[in-house]
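Taking the working numbering, the leading residue of the sequence shown gets 5, the next gets one more, and so forth.
Cβ atoms here follow ideal geometry from the backbone N, Cα and C, with glycine treated the same way.
Computed from a prediction, not measured in an experiment: that's the story for all the values here.
First comes the structure, then the notes that go with it.
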Amino acid sequence: MSSRHEHRGSVIVIALWALGIAAIVTSSIQIFAHRQTLLGIEVRDRIQARWAARAGIETNIAVMADHTAQPTPYDAFALVTSLEYVAIGDIGDASWDIRYYADGKDWAGPLDEHSKFNINSDDNSIFILVIDDMAFGVLDAILDWIDEDDEPRLLGVERDYYLSLETSYEPRNGKLRSIAELELIAGVMPDDIRGEDWNLNYRLDPNENDGGESLPWDEPDDFLETGWAALLTTSTVDGGATESGNERINLKKIDSQSLQLQFGLEPGQADALITFAKSGDADLATLLTQTLRSISGDTAGVTNLTDEQLRLIFAETCLFDQHEAPVGRMNINTVSSELLYRLLPDNDRLVEEILYLRANNSGGISSPMDFLEIPGIKTSMVSFLYGLFDTHSNVYTISCTGKSNGSGVEQEIIVVVDRSTLPVTILEYREQ
Numbered sequence: 005m006s007s008r009h010e011h012r013g014s015v016i017v018i019a020l021w022a023l024g025i026a027a028i029v030t031s032s033i034q035i036f037a038h039r040q041t042l043l044g045i046e047v048r049d050r051i052q053a054r055w056a057a058r059a060g061i062e063t064n065i066a067v068m069a070d071h072t073a074q075p076t077p078y079d080a081f082a083l084v085t086s087l088e089y090v091a092i093g094d095i096g097d098a099s100w101d102i103r104y105y106a107d108g109k110d111w112a113g114p115l116d117e118h119s120k121f122n123i124n125s126d127d128n129s130i131f132i133l134v135i136d137d138m139a140f141g142v143l144d145a146i147l148d149w150i151d152e153d154d155e156p157r158l159l160g161v162e163r164d165y166y167l168s169l170e171t172s173y174e175p176r177n178g179k180l181r182s183i184a185e186l187e188l189i190a191g192v193m194p195d196d197i198r199g200e201d202w203n204l205n206y207r208l209d210p211n212e213n214d215g216g217e218s219l220p221w222d223e224p225d226d227f228l229e230t231g232w233a234a235l236l237t238t239s240t241v242d243g244g245a246t247e248s249g250n251e252r253i254n255l256k257k258i259d260s261q262s263l264q265l266q267f268g269l270e271p272g273q274a275d276a277l278i279t280f281a282k283s284g285d286a287d288l289a290t291l292l293t294q295t296l297r298s299i300s301g302d303t304a305g306v307t308n309l310t311d312e313q314l315r316l317i318f319a320e321t322c323l324f325d326q327h328e329a330p331v332g333r334m335n336i337n338t339v340s341s342e343l344l345y346r347l348l349p350d351n352d353r354l355v356e357e358i359l360y361l362r363a364n365n366s367g368g369i370s371s372p373m374d375f376l377e378i379p380g381i382k383t384s385m386v387s388f389l390y391g392l393f394d395t396h397s398n399v400y401t402i403s404c405t406g407k408s409n410g411s412g413v414e415q416e417i418i419v420v421v422d423r424s425t426l427p428v429t430i431l432e433y434r435e436q
């Protein structure tokens, strides 16, 4: 009897152990299945967020293409307004949000790269005005990085220096392709370029506003301290969009009859304009400060251009083919007031007049002809403004965050796009 009871007790113990193991296995399977379900939901939501971001970007590109092909004349802010309208949108169970941080607050829509100075410009004196806190000798190092020779400037370095580094590399010896590339140049620190905007998305992210809790180090003051990236660009291009939506005309390559038909010019005007364009030192700024007749040497039969004809010439023509376009000028309508004061030192009154003109003109400053409306402006300053500023923009940075409405999962995509030609070109693409 005792042996039988012991046998029954052993069976009970084994059964309990079996049930326990089965329970553990079942629980593990349930936990694993739950985790897999959550993982699947997260993957699904992340895909939704990513495609919502893509949808926002494609919507912005479509708006840019539409304004390039069918622009709104006399309105420098038409495209900006349309882009603000589509800065936020929904698609399925997700949404997108496009914005950038500047002047202490968020702005809806993409960032205008033409609001910044192109570091690849040949005008080094302007570069110094833009970066007034540049470290000693850094400008020479940057210029040595860009130029094609291997002769260092007084305070610069060339190929030998970079090849002597522990992790060696070749200098560009050409135009910079991104602002981040500046960090490769001797004397330039990442903090100089990025400030607190460590991922260069032009947004105030949580980790950029939490003090020392996470990198980068920052001041938790709800303000994004930006570096040179907020003032400099490498991607802008001149020419591009016109007021008619047609391709910009190279005055050096058009014939007289076509020019007459295009702008309603007299034969003498068209001939004089083409002769001027083909001269070695031709600059359209000359048309702002001199009459066509004086440019042509007071040739008989040449009448001066009307204001409307001049406006059309500035809006529709150039002195280069688009594939050879020089670096872009800044947009007088979107450049910050802070940068304007830097670019025009000792000209506070002129800056105030420009700010007043773009704020109170219907449609902003839509033509270089508007510079002539500034009270008391000198002809030399008109030429200087034309060489530095344009009235439209071609290149934009779209920082778009897609978000799944269910879980709040986010995906950010940043692209730089160029609308100077159609279709709109994506110059840079990154996801983070």
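Residue nearest to Pro156 within the set Gly284, Asp302 and Gly141 is Gly141 (criterion: CA-CA distance).
Inclusion of Leu169 and Gly160 in the CB contact set at 8 Å is not warranted, their separation being larger than that value. Glu414 sits in a strand when the DSSP states are folded into three classes. With a cutoff of 8 Å on beta-carbon distance, Glu247 and Thr307 are scored as not near each other. Membership of Ala82 in the alpha helix (DSSP H) is indicated by the continuous run Ala82 to Tyr89.
Only exposed fits Asn250, as fewer than 16 other CB atoms lie within 10 angstroms of its CB. Excluding five sequence positions before and after Gly243, the CB atoms of its chain that fall closer than 8 Å to its own CB belong to Arg252, Cys322, Phe324, Gln326, Ala329, Asn398 and Ser424, given in chain order.
The Cβ atoms of Tyr390 and Pro372 lie closer than 8 Å to each other. Just so you know, the alpha carbons of Ser403 and Lys256 end up roughly 38 Å apart. For Glu432, the uninterrupted beta strand (DSSP E) segment begins and ends at Thr429 to Glu435. Taking C-beta separations shorter than 6 Å and ignoring five residues to either side along the sequence, the partners of His71 in its chain run Leu83, following chain order. Pairing Pro114 with Asp302, the inter-Cα distance amounts to about 48 Å.
Pairing Ser340 with Gly332, the inter-Cα distance amounts to about 16 Å. In this structure, the beta-carbon distance from Asp116 to Thr405 does not fall below 8 Å. Just measuring C-alpha positions, the residue of Tyr173, Phe121 and Thr383 sitting nearest Phe393 is Phe121.
Looking at the DSSP output, Val399 sits in a beta bridge with Asp422. Around the C-beta of Tyr360, fewer than 16 other C-beta atoms lie within 10 Å, and the residue is accordingly described as exposed.
Short of 8 Å from the beta carbon of Thr338, and not among the five residues preceding or following it, lie these beta carbons of its own chain, in chain order: Val84, Asp116, His118, Ser119 and Ser397.
Excluding sequence positions up to five before and after Asp214, its CB lies within less than 8 Å of the CB of Asp222 and Pro224, all in the same chain and listed in chain order. Going by DSSP, Tyr105 is part of the beta strand (DSSP E) stretching over Ala98 to Ala106. Within the model, the alpha-carbon separation for Thr429 versus Gly60 is close to 16 Å. Only exposed fits Pro194, as fewer than 16 other CB atoms lie within 10 angstroms of its CB. In this structure, the beta-carbon distance from Arg181 to Thr237 does not fall below 8 Å. Restricting attention to Thr171, Ile65, Asp153 and Leu426, the CA atom closest to the CA of Lys179 is found in Asp153. If the five residues before and after Gly108 are omitted, its C-beta is found closer than 7 Å to the C-beta atoms of Phe227, all from its own chain and listed in chain order.
Per DSSP, reduced to three states, the secondary structure at Trp202 is coil, with no helix or strand assignment. Going by beta carbons, Ile135 and Leu235 fall inside the 8 Å limit.
Under the DSSP definition of a beta bridge, Ile92 partners with Asp101. The DSSP-derived three-state label of Met193 is coil. For Asp148, there is no enclosing beta strand (DSSP E); the residue is part of the alpha helix (DSSP H) that begins and ends at Val142 to Ile150.
A distance below 7 Å between beta-carbons, with the five flanking residues on each side excluded, links Ala80 to the following residues of its chain, in chain order: Asn337, Gly367, Gly368, Ile369, Ser370, Thr395 and His396. For Asp110, the uninterrupted beta strand (DSSP E) segment begins and ends at Lys109 to Ala112.
Closest in C-alpha terms to Trp232, from the list Pro75, Leu186 and Asp311, comes Leu186.
Its chain contains Trp149 as the residues whose beta carbon lies nearer than 6 Å to that of Arg176, once the 5 sequence neighbours on both sides are disregarded; these appear in chain order.
The residue from Glu217, Gly216, Ile183 and Glu88 with its alpha-carbon nearest to that of Asn205 is Ile183.
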